[in-house]
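Working notes, beginning with the structure itself.
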Amino acid sequence: MEAVVGVTLQLDRAIAQETAPVWEKVKSHVTPMEWPDQARLISEINALKKDRDAVILAHNYMTPEIYHGVGDYVGDSLGLAKEAARSDAKVIVQAGVHFMAETSKILSPDKTVLIPDLKAGCSLAEAITGADVRLIKQRYPGLPVVTYVNTTADVKAETDICCTSANAVQVVEWAAREWGVDRVILIPDEFLARNVAAQTTVGIIAWKGRCIVHERFKADDIHAMRQAYPGAEILAHPECPEDVLGAADFAGSTAAMTDYVMAKKPRQVVLITECSMAANIKGDVPEVDFIGPCNLCPYMKRITLTNIRDCLRDMTFEVTVPEDMIPRAARAVQRMIDLPPPAVPARYDMIKARHHVPVELI
Ligand code: SF4
1 MEAVVGVTLQ LDRAIAQETA PVWEKVKSHV TPMEWPDQAR LISEINALKK DRDAVILAHN
61 YMTPEIYHGV GDYVGDSLGL AKEAARSDAK VIVQAGVHFM AETSKILSPD KTVLIPDLKA
121 GCSLAEAITG ADVRLIKQRY PGLPVVTYVN TTADVKAETD ICCTSANAVQ VVEWAAREWG
181 VDRVILIPDE FLARNVAAQT TVGIIAWKGR CIVHERFKAD DIHAMRQAYP GAEILAHPEC
241 PEDVLGAADF AGSTAAMTDY VMAKKPRQVV LITECSMAAN IKGDVPEVDF IGPCNLCPYM
301 KRITLTNIRD CLRDMTFEVT VPEDMIPRAA RAVQRMIDLP PPAVPARYDM IKARHHVPVE
361 LI
């Protein structure tokens, strides 16, 4: 705690001791000026978690003081969904966006699921409705519907199986085999669908949904970063356009990117994804130099330590899913969870891209 010795004077000794390990993880991101308020909130939240028998599931895109400070489980959508199903806690607080909280409720209908801000949405989840999926099924009868987990409960209820960016290729190939078809519907992220199509011989029918964070990256940005930082390794998320992945050194889900950095510990890394990812991994590998660009997700950034504290104190805002929707949506999520886990989170190898069948955009 030497680096914050002046600041610790402003903190109760017990809180300073309790939060000292967190400070070590966040000090490259949080200033000593901000830390006393954050440390008090972290301590308050940890006490409330015990009182409420609650766990906090924190997504990789949360800010470091949430991710390292109060997250009981941290990870990507797939990891958090599995944890929601496994947890014995009575209350789940989703430090993430609304579709993730719905997924937790779908998998744990008897638990109270809370989200600190109901406006924490997602451009992908808002891109499609259950009614849209019903129309798509009428247009393509007999084809399996695979939906990205970034969808609302009513979309999941119309779905055969969910996927995340960590297992999308595996799920698409499983669905094609199970249904005995050579095409599947993969919605709603157009870029994820195109990037999956490059990794499989299964034909893909896609929807024009976009992640507002990842669609902004351009291949020219990657080339410019490479020129400015020769030697830096560039990792991209599969919600980015195809040519961005093609220009990167590695492409994979947030879990795959984390594994890559933790295993290889490159000297310099550029993460082409939401900004907080780099700040969070930096807490575990301070020797790695992370370089922007920094795109923030405005939905993820609605979640703060203050509203997590309020959420646990006031037991707001509860996320519910209509009872008749839960079994149908749960079947789609559980099918994904029940698939054997990949030995390592899938990577998108654009050099070996196959492109046998073009993507059909609905
Ligand atoms: S980063 Fe993109 S996919 Fe994730 S919540 Fe934000 S808008 Fe949705």
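For the sequence shown, full-length UniProt numbering assigns the number 1 to the initial residue and increments by one for each residue that follows. The C-beta atom is built at its ideal place from N, Cα and C for all residues, glycine as well. All of these numbers come straight from a predicted model, not from anything done at the bench.
Every unbroken stretch of the alpha helix (DSSP H) spanning 4 or more residues and falling wholly within the region 84-148 is given here in chain order: 98-107 and 130-139. 9 Å or more divides the Cβ of A193 from the Cβ of R183. V171 and C240 have their alpha carbons spaced roughly 20 Å apart. Straight through space, the alpha carbons of R13 and R210 are spaced by roughly 47 Å.
Annotation: the continuous alpha helix (DSSP H) that includes L305 extends over L305 to D314. Exclusion of the five residues before and after E83 leaves L57 and Y73 as the residues of its chain whose Cβ lies within less than 7 Å of its Cβ. For E102, the CB stays at least 8 Å from every heavy atom of ligand 1. Placement of the Cβ of H214 at a distance of less than 8 Å from at least one heavy atom of ligand 1 is found. Annotation: the continuous beta strand (DSSP E) that includes V269 extends over Q268 to I272.
Between L245 and N60, the alpha-carbon positions lie close to 20 Å from each other. Assignment of A251 by DSSP, reduced to helix, strand and coil, places it in the strand class. For V285, the CB contacts under 7 Å within the same chain, skipping 5 residues up- and downstream, are V261, M262 and K265 in chain order. S123 has its Cβ nearer than 8 Å to a heavy atom of ligand 1. C-alpha of I337 to C-alpha of L11: approximately 43 Å in a straight line.
At least one heavy atom of ligand 1 sits closer than 8 Å to the Cβ of Y299.
Taking the Cα positions, A255 is about 11 Å away from N167. Distances from the alpha-carbon of I205 to those of Y67, Y140, I128 and V288 put Y140 closest. For the 9 Å CB-CB criterion, L271 and A251 do not form a contact. Within the same chain, and ignoring the five residues on either side of T316 in sequence, no residue has its Cβ closer than 6 Å to its Cβ. Taking 8 Å as the upper bound for CB-CB distance, S276 and P64 are in contact here, some 7 Å apart. The C-beta of R134 has fewer than 16 other C-beta atoms within 10 Å across all chains shown, which makes the residue exposed.
The C-alpha of E126 is placed about 23 Å away from the C-alpha of P109. A direct Cα-Cα distance of roughly 7 Å separates A232 from R267. For L118, the number of other beta carbons within 10 angstroms of its own is below 16, and it is reported as exposed. Within the model, the alpha-carbon separation for V145 versus T151 is close to 13 Å.
Its Cα nearest to that of E158, the residue V333 stands out among E18, V333, P340 and D349.
Set against 8 Å, the gap from the CB of C240 to the closest heavy atom of ligand 1 is not smaller. Between the C-alpha atoms of H68 and A20 there is a straight-line separation of about 11 Å.
When the five nearest sequence neighbours on each side are left out, the beta carbons in the same chain lying within less than 6 Å of the beta carbon of C122 are those of V97, F99, N150 and Y299, in order along the chain.
Per DSSP, reduced to three states, the secondary structure at N150 is coil, with no helix or strand assignment. When DSSP states are grouped into helix, strand and coil, D289 belongs to the strand group. Between ligand 1 and N150, a heavy atom-to-CB distance of less than 8 Å is present. In the DSSP assignment, I222 falls outside any beta strand (DSSP E) and lies within the alpha helix (DSSP H) extending over A219 to A228. For ligand 1, a non-hydrogen atom lies closer than 8 Å to the CB of V97. Between L114 and E318, the C-beta gap is smaller than 9 Å, which places the two residues in contact.
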